[in-house]
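Visitor: Chain order of the listed sequences is A and B.
The numbers in the first sequence follow UniProt numbering, run straight up by one, and end at 145.
The numbers in the second sequence follow UniProt numbering, run straight up by one, and end at 145.
Number of protein chains: 2
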Amino acid sequence: MKLLDIGVLSERSGVPPSTLRYYEEVGLIVSLGRHGLRRQYGPEALTQLALISLGKTAGFSLDEIRGVFGRDGAAELPRAALHARADKLEVQIRRLITLRDALRHVAECPAESHMECPKFRRLLRVASHTRSQRRPGAGFRADRG
Amino acid sequence: MKLLDIGVLSERSGVPPSTLRYYEEVGLIVSLGRHGLRRQYGPEALTQLALISLGKTAGFSLDEIRGVFGRDGAAELPRAALHARADKLEVQIRRLITLRDALRHVAECPAESHMECPKFRRLLRVASHTRSQRRPGAGFRADRG
DNA sequence: GCTTGACCTCAAGTTGACTTGAAGTGGCAC
DNA sequence: GTGCCACTTCAAGTCAACTTGAGGTCAAGC
Chain A
1 MKLLDIGVLS
11 ERSGVPPSTL
21 RYYEEVGLIV
31 SLGRHGLRRQ
41 YGPEALTQLA
51 LISLGKTAGF
61 SLDEIRGVFG
71 RDGAAELPRA
81 ALHARADKLE
91 VQIRRLITLR
101 DALRHVAECP
111 AESHMECPKF
121 RRLLRVASHT
131 RSQRRPGAGF
141 RADRG
Chain B
1 MKLLDIGVLS
11 ERSGVPPSTL
21 RYYEEVGLIV
31 SLGRHGLRRQ
41 YGPEALTQLA
51 LISLGKTAGF
61 SLDEIRGVFG
71 RDGAAELPRA
81 ALHARADKLE
91 VQIRRLITLR
101 DALRHVAECP
111 AESHMECPKF
121 RRLLRVASHT
131 RSQRRPGAGF
141 RADRG
């Protein structure tokens, strides 16, 4: 059973050691032991980090991610709850597609003002109907690989 | 030209007055005047807020949103930059689809452990290859309509 | 055996996006 | 003309998710 030193895990996952320690502190991952002072992780930690990364992209808080996937990276919620999450994701995916289309459109549309373009106005109508959601203080960071 | 009292705009957009004032402070929207003390907004503010909401769903910071869409809700960036944004969005959309599929899968898969399921492992491989991105301190809130 | 360097702990700081609280203002209904 | 109440300003607080800094430890290589 080959364990990964925190430095190795950090390098392989792209997640800084400080973040790995933080994730462990909040119970998202577990270290299996120490080599001297240094934390040693099992190979499954890489999988967990991939899952965490995906969840963050989706805008889930670390709390929610921990709620959905247990320490071993397996789902802990009942089917219905998992499908509910997937449904919410689907809504978000549609909103992202709307925005992508809006961006592509304004990049190409020759109309004087975008507001005069029926296609753009239609996109925005969709946007305002698919109401946005917020939850207090859920930090999300994207960018910086 | 009918103006919207901040209270009306707040109600119609679902965005709290404190947030509208904040958006105005950071230059995302503009009020056209006052009725007594109360800010009055033009109807285009609703469009701007829809755009802001979409941008936030996509994980853009308010700074980035302001950068892409000017005060009038029209794009301010050159075509190439807009397409680049759209490309990044597309990557994110694919990650979200991966996560959605993973969730649906674990909800249905009868395998003893998900790690033993080839389909799940394949999903995770995709997840770890499509590397996640982060940018320092870009708060994002989802949920709470 | 001593240096080196990457780790350790713990507290405090940072960031973006808001919200909250105190103290004040002004249009509108009565 | 007076009370109400939703607004106003401004400073300070909050929250998640990390990062940073000070001071310390320890396995490995020389």
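We put the beta carbon where it would ideally sit given N, CA and C, even for glycine.
Counting only beta-carbon atoms, is L89/B nearer than 9 Å to chain A?
Guide: Chain A contact via Cβ: present.
Visitor: Mapping DSSP to helix, strand and coil, what is F120/B?
Guide: Here F120/B sits in helix by DSSP.
Visitor: Alpha carbon to alpha carbon, how far is A84/B from G36/B?
Guide: Computed Cα separation, rounded: 44 Å.
Visitor: DSSP beta-bridge partners for residue 146/A?
Guide: Any property of residue 146/A remains undetermined from this structure, which presents chain A solely from 1 to 145.
Visitor: Where in the UniProt domain "HTH merR-type" (3-71) of chain A do unbroken runs of the beta strand (DSSP E), each at least 3 residues long, occur, reported from the N-terminal end onward?
Guide: Runs of the beta strand (DSSP E) inside the UniProt domain "HTH merR-type" (3-71) of chain A: 33-35 and 38-41.
Visitor: Cutting at 8 Å between CB atoms, please list the residues of its own chain near L89/A, excluding the five before and the five after it.
Guide: Within the same chain, L89/A has close Cβ partners A58.
Visitor: Spell out whether any CB of chain A is found under 9 Å from the CB atom of S113/B.
Guide: It does: the Cβ of S113/B has a partner Cβ on chain A nearer than 9 Å.
Visitor: Touching or not, the stretch 86-100 of chain A and the stretch 98-113 of chain B, by the rule of three or more beta carbon pairs under 8 Å?
Guide: Taking 8 Å as the limit for Cβ pairs, the verdict is that the stretch 98-113 of chain B does touch the stretch 86-100 of chain A.
Visitor: Starting from the beta carbon of H35/B, find every residue of chain A whose beta carbon is closer than 8 Å, and list them in chain order.
Guide: Under the 8 Å cutoff, chain A gives no residues; its nearest Cβ is about 24 Å from H35/B.
Visitor: Could you tell me how far apart the beta carbons of Q92/B and L99/A are, in whole angstroms, since I believe they sit closer than 8 Å?
Guide: Going by Cβ atoms, the distance from Q92/B to L99/A rounds to 10 Å, so no, they are not a contact pair.
Visitor: Starting from the C-beta of L4/B, find all residues in its chain whose C-beta is less than 6 Å away, skip the five residues before and the five after it, and write them out in chain order.
Guide: Within the same chain, L4/B has close Cβ partners Y41.
Visitor: Can you tell me whether L32/A is buried or exposed? The criterion is at least 16 other CB atoms within 10 Å of its CB, across all chains shown.
Guide: Exposed, because fewer than 16 other Cβ atoms sit within 10 Å of the Cβ of L32/A.
Visitor: Measure from the C-beta of E11/A to each C-beta in chain B and report whether the shortest distance is under 9 Å.
Guide: Output row for E11/A: interface = no.
Visitor: Quick check: what's the CA-CA separation for L62/B versus I29/B?
Guide: Answer to the nearest angstrom: the Cα atoms are 11 Å apart.
Visitor: Name the chain A residues that come within less than 7 Å of L82/B, Cβ to Cβ?
Guide: Near L82/B (Cβ distances below 7 Å), the residues of chain A are L103, V106 and A107.
Visitor: So, helix, strand or coil for A84/B, using DSSP?
Guide: Note: A84/B maps to helix in three-state DSSP.
Visitor: From the DSSP output, in three-state form, read off A111/A for me.
Guide: Three-state DSSP puts A111/A in coil, outside helix and strand.
Visitor: Which chain A residues sit within Cβ distance under 9 Å of A45/B?
Guide: Ordered by position in chain A, no residue passes the 9 Å Cβ test against A45/B, which lies about 12 Å from the chain.
Visitor: Do you know whose CA, among I65/B, E44/B and A45/B, lies nearest L54/B's CA?
Guide: Closest by alpha carbon: I65/B.
Visitor: DSSP has A75/B in a bridge; who is on the other side?
Guide: F69/B, per the DSSP bridge assignment.
Visitor: Assign S13/A to buried or exposed, taking buried as 16 or more other Cβ atoms, counted over all protein chains shown, within 10 Å of its Cβ.
Guide: Result: buried.
Visitor: Can you tell me which of G27/B, E25/B, V26/B and E44/B puts its alpha carbon nearest to the alpha carbon of L9/B?
Guide: Comparing Cα positions, the closest option is E44/B.
Visitor: When you compare the CB positions of L20/B and R38/B, do they come within less than 9 Å of one another, or not?
Guide: Not closer than 9 Å, so no.
Visitor: Suppose the cutoff is 7 Å on Cβ atoms and the five residues either side in sequence are ignored; what does the same chain contact list for V26/A look like?
Guide: For V26/A, where only same-chain residues beyond five positions count, the Cβ hits under 7 Å are L62.
Visitor: How big is the Cα-Cα spacing for R115/A and P78/B?
Guide: Sequence check: residue 115/A is Met here, not Arg. Rounded to whole angstroms, M115/A to P78/B spans 18 Å at the Cα level.
Visitor: Who are the neighbours of R99/B on chain A, taking C-beta pairs under 8 Å?
Guide: Per the sequence shown, the amino acid found at residue 99/B is Leu instead of Arg. Residues of chain A passing the Cβ test: L54, G55, T57, A58 and L89.
Visitor: With 9 Å as the threshold, decide whether the Cβ of I93/B is near any Cβ in chain A.
Guide: It does: the Cβ of I93/B has a partner Cβ on chain A nearer than 9 Å.
Visitor: Ignore the nearest five residues each way along the sequence and tell me which others in G70/A's own chain have a CB closer than 8 Å to its CB.
Guide: Only E76 meet the Cβ criterion.
Visitor: Nearest chain B C-beta to R66/A closer than 9 Å, yes or no?
Guide: No, R66/A does not count as interfacial toward chain B.
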